[in-house]
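Q: My structure is below; once you've seen it, I'll send some questions.
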Amino acid sequence: MHLTRLAALATMMFVSGLASAEVRVEGPVEYGVFAGPKAELQSGERVLRRSNEQIQQTEIVPAKLGTKFGMRYQLAGKVAEDQPLTLLYFTPGIRTPDGVRHDKLEVTQKLVPGAPQDVMAYEFTESHEVVPGEWRFMVFQGDRLLAQQRFTVR
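Heads up: the sequence shown runs through residues -21 to -1, 1 to 133, numbered per mature numbering (1 follows the signal peptide of the UniProt record, and there is no 0).
Written out as structure tokens, the structure is:
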């Protein structure tokens, strides 16, 4: 009987420990421009890219179609049912062809416990997206800031 109560107590402590686990960045955050094909692209053209591309560490990003920039990081404590990530892209003001200005883009991303790395990146695929100035990337889970990086597009 005493052993059963100890086992139940240990199980409750383990479960409560899982419930209170927080997603956190583990290790360094890579940031910069992703090394990709050096083709001259036209607006709307895309090139298939590898998921494990090298990143040239820099805060200066060339204002050119086909440029992909951002962050790659490893998150620990991910549980699939937890609150998803919110990826915020603050731009210098992308003006879409319909004339609407976008100073912030928001993406919700589910947690994938088996993924060894997470990526927040932006690739210039349309001419109207190539906007010089400061771009700021922020990764949140709820109201907790997990990672952020500033870039200057020029």
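For glycine and all other residues, C-beta sits at the position ideal for the given N, C-alpha and C.
With Arg123 and Phe69 assumed to form a contact (beta carbons below 8 Å), what rounded beta-carbon distance in angstroms separates them?
A: Contact flag wrong, Cβ pair sits at about 18 Å.
Q: Please confirm if the segment 2 to 13 is in contact with the segment 45 to 53, defined as three or more CB-CB distances below 8 Å between the two stretches.
A: A contact exists between the segment 2 to 13 and the segment 45 to 53.
Q: Using the C-alpha atoms, what's the distance from Thr75 back to Asp82?
A: Distance between the alpha carbons of Asp82 and Thr75: 11 Å.
Q: Between Gln62, Val58, Glu1 and Pro71, which lies nearest to Ala94 when the distance is taken from Cα to Cα?
A: Checking every option, the nearest Cα to that of Ala94 belongs to Val58.
Q: Would you mind giving the Cβ-Cβ distance between Val4 and Leu90, rounded to the nearest angstrom? I have them listed as a contact below 8 Å.
A: Not confirmed; about 13 Å, so no contact.
Q: Taking buried to mean at least 16 other C-beta atoms within 10 Å of its own C-beta, is Met(-10) buried or exposed?
A: Reliability fails at Met(-10), whose pLDDT of 48 lies under 50, so the model's placement of it is uncertain and no value is given.
Q: Give every residue of the same chain whose Cβ lies closer than 7 Å to the Cβ of Glu38, excluding the five residues on either side of it in the sequence, and list them in chain order.
A: Once the five neighbours on either side are set aside, the close Cβ partners of Glu38 are Arg129, Phe130 and Thr131.
Q: CA-CA distance, Val118 and Leu84?
A: Distance between the alpha carbons of Val118 and Leu84 is about 12 Å.
Q: Ignoring anything shorter than 3 residues, give me the beta strand (DSSP E) runs that lie fully in the segment 93 to 127, in order along the chain.
A: If we require 3 residues or more, the beta strand (DSSP E) runs fully inside the segment 93 to 127 come out as 97 to 102 and 112 to 120.
Q: Roughly how many angstroms lie between the CA atoms of Val109 and Asp77, to the nearest whole one?
A: Taking the straight line joining both Cα atoms gives about 16 Å.
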